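The next block holds one structure in the form of structure tokens; read it before the comments.
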Amino acid sequence: MRRTVTLFLCALALLVTAGLILVYSASSTYYRNSPNHFVIRQGIALALSLCVGIVVARIDYHFWSRPWVLTLITILTLAGLCAVFLFPVVKGSRRWIDLRIYSVQPSEFAKISILIVLSTWFDRVGPRSSSFLRGFLIPGLIVAVMTAPILLAPDLGATAVIVVVAATVFLAAGTRLSYMFASVPVAIGGLVLILLKDAHRRGRMMDFLAGLFGKDGAQAYQTIQSLNAFVIGGPLGVGLNNSIQKYRYLPEAHTDFIYAIAGEELGLAASLIIILLFGILLICGTRIASRAPDRLGRFLGLGLTVLLCFEAGFNMGMVMGCLPTKGLALPFVSYGGSSLMASMIAVGMLLNIARQSFVAEAEAPSSMRNALQHI
């Protein structure tokens, strides 16, 4: 387990370091008089996020499942998600709470909050998680109620992440597949309804589908420029800070599309290394979850791992034109304080699960300890 945690932290450190370097490179042209503007803000966000992550890592993960803590988490999450409707629409949706100095994106923290509530529910339900009422209907309603403000924003990217993370916990808890398959038509119907009512999202989806058939959509400019960045970069890249696409050819180069800048400046090799690092996080996180001392730890560990790695996979797929653009950041790499803070909280919780596993193994009889070491 110690090697697993060490490998996890090494991969994390490399991703965070790459993120700072790439944020500086991708954003240095935005403010001619202050090329360090975004990287300084990202550095401050990183320092705060590391402090919060360290504090979370020292808090027993069972603390988050206490009734009063769950109630507080739920109230704060719903309040934050509803507060965004008091602020103007930005780029087609309401996602941000503008605090002047910094903007906060509540949906980033809602992903973790929903996971905590769902994991606690299934931990307390126990073997009854295979029943329709306790194993599917009630937890499904919990997810639906807490996700509704995000869907109404609308923020389909965050909604997709929450659905995948929730489905992972459902499966891990033993919910019957027949119940989950029965909900698929409802989810598809809801997506179609949103696309029919939202011209902006409908246009993005049509452009994505047009791209699959080799046609250029009217709004596919961002994806085309992203793919051009990879073509320009080639195997080894054009060199750090030598990107052409960051000169306003590629919108959101330092945020959602920072992976394209990595491909352009550092080439295919760096792009594959980033994928490898997230693969290491996936393997190590899954291993930490499997070694958790109880069901709550397993559900949380698995959900947090899927949260980080699915979001990373979706972002990279979006940047490479394999998935529609949905405004998802690349965890630890993209510019954004809310994303970085939420990701570090997830890491802190994972590390505490690993820490509790150490304690449980140390207290276990020698025969049981030997068996655990072979898991």
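Read in order, the letters of the sequence shown correspond to residues 156 to 530 in my numbering.
We put the beta carbon where it would ideally sit given N, CA and C, even for glycine.
Here the structure is a predicted model, which is why all the values come from computation and not from measurement.
Item                                                                                                                    : Value
Element boundaries [alpha helix (DSSP H), containing residue 390]                                                       : Run containing residue 390: none; DSSP gives neither H nor E here.
For residue 480, the first and last residue of its enclosing alpha helix (DSSP H)                                       : Premise fails: residue 480 is in no alpha helix (DSSP H) and is neither H nor E.
Same chain, Cβ closer than 6 Å to residue 328, neighbours up to 5 away in sequence not counted                          : 277, 284
Euclidean distance between Cα positions of residue 336 and residue 181                                                  : 42 Å
Within 8 Å, strictly: CB atoms of residue 487 and residue 235                                                           : no
DSSP state of residue 319 mapped onto helix, strand, coil                                                               : helix
Bounding residues of the alpha helix (DSSP H) (the contiguous stretch that carries residue 185)                         : It is not in any alpha helix (DSSP H) - residue 185 carries neither H nor E in the DSSP assignment.
Three-state secondary structure (DSSP) of residue 295                                                                   : helix
Identity of the residue in 158, 384, 157, 163 nearest residue 436 by Cα                                                 : 163
Candidates 478, 177, 298, 320: closest to residue 395 by CA position                                                    : 177
Same chain only: Cβ atoms within 7 Å of residue 474, ignoring 5 sequence neighbours per side                            : 381, 412, 414, 415
Test item: CB-CB of residue 466 and residue 455 under 8 Å                                                               : no
Given 8 Å, three or more beta-carbon pairs between the stretch 299-309 and the stretch 261-268                          : yes
Whole-angstrom distance between residue 318 and residue 169, CA atom to CA atom                                         : 29 Å
For residue 281, the nearest candidate out of 324, 497, 450 (CA to CA)                                                  : 450
Residue 215 vs residue 507 beta-carbon contact at 8 Å                                                                   : yes
CA nearest to the CA of residue 222, picked from 273, 252, 209                                                          : 273
Beta-carbon proximity of residue 477 to residue 433, cut-off 8 Å                                                        : no
Span of the alpha helix (DSSP H) around residue 197                                                                     : 192-212
Host alpha helix (DSSP H) of residue 331 (start-end)                                                                    : First-last for residue 331: undefined, no H or E at that position.
Exposure label - residue 440; buried when at least 16 CB within 10 Å                                                    : buried
Residues near residue 224 in its chain [Cβ-Cβ closer than 8 Å; skip 5 each side]                                        : 218
Rounded separation between residue 489 and residue 244 - CA only                                                        : 22 Å
Selected residue, minimal CA-CA separation from residue 294, among 338, 260, 256                                        : 338
Close-in-space but distant-in-sequence residues of the same chain around residue 499 (CB under 7 Å, 5 per side omitted) : 204, 205, 207, 208
Beta-carbon separation (whole angstroms), residue 230 vs residue 242, contact threshold 8 Å                             : That pair is no contact at about 20 Å.
Distance between residue 447 and residue 185 (C-alpha atoms, nearest Å)                                                 : 45 Å
4 or more residues per run - each alpha helix (DSSP H) lying fully within the stretch 234-309                           : 261-280, 293-307
First and last residue of the uninterrupted alpha helix (DSSP H) at residue 453                                         : 450-474
Distance between residue 286 and residue 410 (C-alpha atoms, nearest Å)                                                 : 42 Å
For residue 424 and residue 393, the rounded distance between their alpha carbons                                       : 12 Å
Buried versus exposed, by CB contacts within 10 Å (16 or more), residue 132                                             : Any question about residue 132 goes unanswered here, given that the chain covers just 156 to 530.
Whole-number beta carbon distance between residue 270 and residue 324, since they are thought to touch under 8 Å        : 7 Å
Distance CB(residue 385)-CB(residue 330) smaller than 8 Å                                                               : no
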